[in-house]
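Following: one structure in structure tokens, then a few remarks.
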Amino acid sequence: MVKIVRYSAGMTSKIFGFVESKKMAELMAAGYSKEELTQIIEEQNLFSLRDAKRLRRTVNYVYERLTSLPKEALSIISSSDIEAGKVLVLVGIMRTDALFGEFVYEIYRMKKILGERAIENRDLNDFFDDKANQSDEVAGWSEASVKKLKNVYIRNLVDAGLLEDAKNRTVINIILSGKVEKMLRDNGMETYLKAIKGER
Numbered sequence: 010m011v012k013i014v015r016y017s018a019g020m021t022s023k024i025f026g027f028v029e030s031k032k033m034a035e036l037m038a039a040g041y042s043k044e045e046l047t048q049i050i051e052e053q054n055l056f057s058l059r060d061a062k063r064l065r066r067t068v069n070y071v072y073e074r075l076t077s078l079p080k081e082a083l084s085i086i087s088s089s090d091i092e093a094g095k096v097l098v099l100v101g102i103m104r105t106d107a108l109f110g111e112f113v114y115e116i117y118r119m120k121k122i123l124g125e126r127a128i129e130n131r132d133l134n135d136f137f138d139d140k141a142n143q144s145d146e147v148a149g150w151s152e153a154s155v156k157k158l159k160n161v162y163i164r165n166l167v168d169a170g171l172l173e174d175a176k177n178r179t180v181i182n183i184i185l186s187g188k189v190e191k192m193l194r195d196n197g198m199e200t201y202l203k204a205i206k207g208e209r
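Take 10 as the starting number for the sequence shown in my numbering and just add one per residue.
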């Protein structure tokens, strides 16, 4: 049976959300249910969002990302190891957004494998052109939506510490802790590890 991958342009209205992920990971690690942590976040305004609809939406996608990760990831994200925490938030985004996951694996990973210095405009254009040829869904997106997605994808990599900045998009060689590597390997997430480390 052929697996059908559903692509989404919903990331245009989502943030990387490391601070939000860290706060939620603390609540989840403490054993609070989704309903309980939602109430706490709302009552204490932990996400600094006044719009109730936007707050609920942010809670939902941050929760989805965190629950896609191994339980051990919660303690790392909520700890003082900011670099490792950001990488795990990135993995959560990759696991819950198929197209972004493919972008990191196909574009960022190959940049590191080939020793190329930065992600260029042509890399972004070629990636989305290729996906549009493979998917009617992607082909149907407006030019404005694709442009926003390109910006969000780059911003995610910058926020995760994998690119130097959004303008030059210089690739950074980060060093993952053995603990994070082992956790990802032990939980069948080696693909994400290869994408971030630039391994074949």
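Glycine included, every Cβ here is placed at the ideal spot set by N, Cα and C.
- In the pairwise beta carbon analysis, the stretch 67–76 is classified as not touching the stretch 114–133: fewer than three pairs are separated by under 8 Å.
- Counting other Cβ atoms within 10 Å of its Cβ, residue 91 stays below 16 and is therefore classed as exposed.
- Note on geometry: alpha-carbon atoms of residue 206 and residue 183 lie some 8 Å from one another.
- In the three-state reduction of the DSSP assignment, residue 82 falls in the helix class, which pools H, G and I.
- Bounds of the alpha helix (DSSP H) holding residue 138 are 130–143.
- Excluding residues up to 5 positions away in sequence, 49 lie with their Cβ nearer than 8 Å to the Cβ of residue 41 in the same chain.
- Here the stretch 97–109 lies against the stretch 17–30, with 3 or more beta-carbon pairs under 8 Å apart.
- CA-CA distance, residue 122 to residue 112, rounds to 15 Å.
- Residue 174 and residue 127 have their C-alpha atoms some 10 Å from each other.
- Here residue 30 is buried: its Cβ has 16 or more other Cβ atoms, across all protein chains shown, within 10 Å.
- Its chain contains 30, 31, 34, 94, 97 and 98 as the residues whose beta carbon lies nearer than 7 Å to that of residue 86, once the 5 sequence neighbours on both sides are disregarded; these appear in chain order.
- For residue 64, the three-state secondary structure derived from DSSP is helix.
- Residue pairing by DSSP leaves residue 47 without any beta bridge partner.
- Under the DSSP assignment, residue 149 falls outside any alpha helix (DSSP H); it carries neither an H nor an E label.
- Short of 8 Å from the beta carbon of residue 15, and not among the five residues preceding or following it, lie these beta carbons of its own chain, in chain order: 107 and 146.
- No Cβ-Cβ contact shorter than 8 Å links residue 192 with residue 73.
- Residue pairing by DSSP places residue 127 opposite 179 in a beta bridge.
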